[in-house]
Amino acid sequence: MTVVTFPNPRPARMAGQKGEAMDVILHLGAHRCATTTFQHYMRQNAERLARDGTGFWGPHRTRTGLFRGILPGPSIATGRDPRRRAVGRVRLNLSRSALSGTRRLLVSEENMLGSMRENLRQAALYPSAGERLARYGQAFDGQVTDVLLNIRSQDHWWASALGYGLARGFGLPSLVALDWIARNPRGWRDVITDVACALPGARIWVLPFEIFAGRPEAQLATVTGRPAPREHSRERLNPTPDLAALRGLLPPALAAQLPKGEGRWTPFAPDQAAALREAYADDLMWLAAGADGLAWLVDDLNKKTAGQTPPTPDLTRGKRNDQDRRLAGAG
Numbered sequence: 001m002t003v004v005t006f007p008n009p010r011p012a013r014m015a016g017q018k019g020e021a022m023d024v025i026l027h028l029g030a031h032r033c034a035t036t037t038f039q040h041y042m043r044q045n046a047e048r049l050a051r052d053g054t055g056f057w058g059p060h061r062t063r064t065g066l067f068r069g070i071l072p073g074p075s076i077a078t079g080r081d082p083r084r085r086a087v088g089r090v091r092l093n094l095s096r097s098a099l100s101g102t103r104r105l106l107v108s109e110e111n112m113l114g115s116m117r118e119n120l121r122q123a124a125l126y127p128s129a130g131e132r133l134a135r136y137g138q139a140f141d142g143q144v145t146d147v148l149l150n151i152r153s154q155d156h157w158w159a160s161a162l163g164y165g166l167a168r169g170f171g172l173p174s175l176v177a178l179d180w181i182a183r184n185p186r187g188w189r190d191v192i193t194d195v196a197c198a199l200p201g202a203r204i205w206v207l208p209f210e211i212f213a214g215r216p217e218a219q220l221a222t223v224t225g226r227p228a229p230r231e232h233s234r235e236r237l238n239p240t241p242d243l244a245a246l247r248g249l250l251p252p253a254l255a256a257q258l259p260k261g262e263g264r265w266t267p268f269a270p271d272q273a274a275a276l277r278e279a280y281a282d283d284l285m286w287l288a289a290g291a292d293g294l295a296w297l298v299d300d301l302n303k304k305t306a307g308q309t310p311p312t313p314d315l316t317r318g319k320r321n322d323q324d325r326r327l328a329g330a331g
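If you count the sequence shown from 1, position 258 lands on 258 in the UniProt record's numbering, and the numbers rise without skipping.
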């Protein structure tokens, strides 16, 4: 995997009355991929980032009415169109941000991609991502320039998601449900394809959890191309509960059904976990091969590649515990 750079970056799309332009960057998460940690980091550094022209909308703003009405759902009959009002609300706030001098606006809301409850009920990765993001894309008036998506090996992602469900009353998954999840052909490739279809004008950056987890400053620097503050970058929030934590959260009868021991809860059988890991490997291979031009896989920004003379490995003869032995020489 290599870091992808764009030799001819697309210009920003939204201009304010002062002649300044603003990029709109959607951070979609996903859930269980250190998204809460990233949002905490952005919130704690909001003032410093604003001085550099980077604005931030997180759940504290998006879940207090800003996005209400974008997606269809129950609403009070007032004779007004809730979707039209939601679109107008979002565009008004975009204009205010642009006029305030914001050059790049990062909107972080994992529920744009879908809900954890839907994933657990459908036993599939974000089955309605395309329809949902098409509605959000329209609300943002086609001004989304970039999308930031975190992905994670499916065996660990689903284990974390099921642990989330356990802590919120979903109960232990049945053997049939676990097998359904393991054999479901829908993977991250399908999610990325849905995102690309819903937001055809946006660059999609895919950041693996295994590389960027707990490194929010690296994620921010990747998509903005600007130096990112390191303050509050190692404060982890909302980690996956381990077996001990789950036993403390569950009723005694349910907790007794969990496996013995400590550490991470792994609900899948070995063959099921292997199938999920293989699906993730296929997704990464597709991304590394170019993802059909839909997305870009981002590698570790700090990893240095070998030069013309690669590093020399240990050249000591024999095994480490046998270094004093020498073969007989001619002399």
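In this text, a Cβ means the ideal position worked out from N, Cα and C, and glycines have one as well.
Thinking residue i and residue j are a contact (beta carbons under 8 angstroms), I'd like their distance in whole angstroms, please.
i: residue 202; j: residue 147; result: 5 angstroms
i: residue 214; j: residue 234; result: 7 angstroms
i: residue 155; j: residue 277; result: 5 angstroms
i: residue 39; j: residue 232; result: With a Cβ gap of about 11 angstroms, residue 39 and residue 232 do not count as contacting.
i: residue 41; j: residue 216; result: 4 angstroms
i: residue 93; j: residue 66; result: 7 angstroms
Using the DSSP secondary-structure output, state which residues sit across from residue i in a beta bridge.
i: residue 56; result: 106
i: residue 80; result: Bridge partners of residue 80: none, in fact.
i: residue 27; result: 108 and 148
i: residue 297; result: 206
Considering only their Cβ atoms, is the gap separating residue j from residue i smaller than 7 angstroms?
i: residue 194; j: residue 130; result: yes
i: residue 62; j: residue 109; result: yes
i: residue 31; j: residue 116; result: yes
i: residue 253; j: residue 247; result: no
i: residue 283; j: residue 187; result: yes
i: residue 172; j: residue 272; result: no
i: residue 28; j: residue 120; result: no
i: residue 167; j: residue 243; result: no
i: residue 238; j: residue 36; result: yes
For residue i, I'd like the list of residues in its chain whose CB is within less than 7 angstroms of its CB, leaving aside the five on either flank, ordered along the chain.
i: residue 287; result: 206, 295 and 297
i: residue 209; result: 33, 34, 150, 151 and 152
i: residue 180; result: 123
i: residue 199; result: 133, 137, 144 and 147
i: residue 102; result: 22, 53 and 55
i: residue 197; result: 130
i: residue 157; result: 32
i: residue 175; result: none
Cutting at 8 angstroms between CB atoms, please list the residues of its own chain near residue i, excluding the five before and the five after it.
i: residue 25; result: 104, 105, 106, 107, 144, 145, 146, 147, 148, 223 and 224
i: residue 307; result: Its pLDDT being 44, under 50, residue 307 is placed unreliably by the model, and the measurement read from it follows with that caveat. So the list is empty, once near-sequence residues are dropped.
i: residue 70; result: 83, 86, 87, 90, 135, 136 and 139
i: residue 330; result: With a pLDDT of 42 at residue 330, under the threshold of 50, the modelled position of this residue cannot be trusted, and the question is left open.
i: residue 159; result: 240, 264, 265, 266, 267 and 268
i: residue 178; result: 267, 268, 269 and 272
i: residue 128; result: 114 and 118
i: residue 163; result: 240, 241, 246 and 265
i: residue 261; result: 243
i: residue 304; result: Confidence at residue 304 is low in this model, with a pLDDT of 47, below 50, so its placement is unreliable and no value can be given for it.
i: residue 161; result: 31, 32, 116, 119 and 120
i: residue 320; result: Note that residue 320 scores a pLDDT of 44, beneath 50, so its modelled location is shaky; the value from the coordinates is reported in the next line. Hits under 8 angstroms: none found.
i: residue 73; result: none
i: residue 236; result: 34, 37 and 214
Here's a check: name, in chain order, each residue in its chain whose Cβ is nearer than 6 angstroms to the Cβ of residue i, leaving out the five neighbours to either side.
i: residue 165; result: 120
i: residue 220; result: 228
i: residue 309; result: For residue 309, the predicted model reports a pLDDT of 43, less than 50, meaning its position is unreliable; a value from the coordinates is still stated below. Cβ neighbours of residue 309 beyond the five flanking positions: none.
i: residue 279; result: 154 and 187
i: residue 126; result: 113, 114 and 191
i: residue 275; result: 182
i: residue 230; result: 217
i: residue 46; result: 56
i: residue 142; result: none
i: residue 111; result: none
Residue ranges of each alpha helix (DSSP H) within the stretch 242-289, 4 or longer: Taken in chain order, the complete alpha helix (DSSP H) segments of 4 or more residues contained in the stretch 242-289 are 243-249, 252-255 and 270-288.
Enumerate, from N- to C-terminal direction, the unbroken beta strand (DSSP E) stretches of 3 or more residues contained entirely within the stretch 154-217. Counting only unbroken stretches of 3 or more residues, the beta strand (DSSP E) elements lying wholly within the stretch 154-217 are 203-208, in sequence order.
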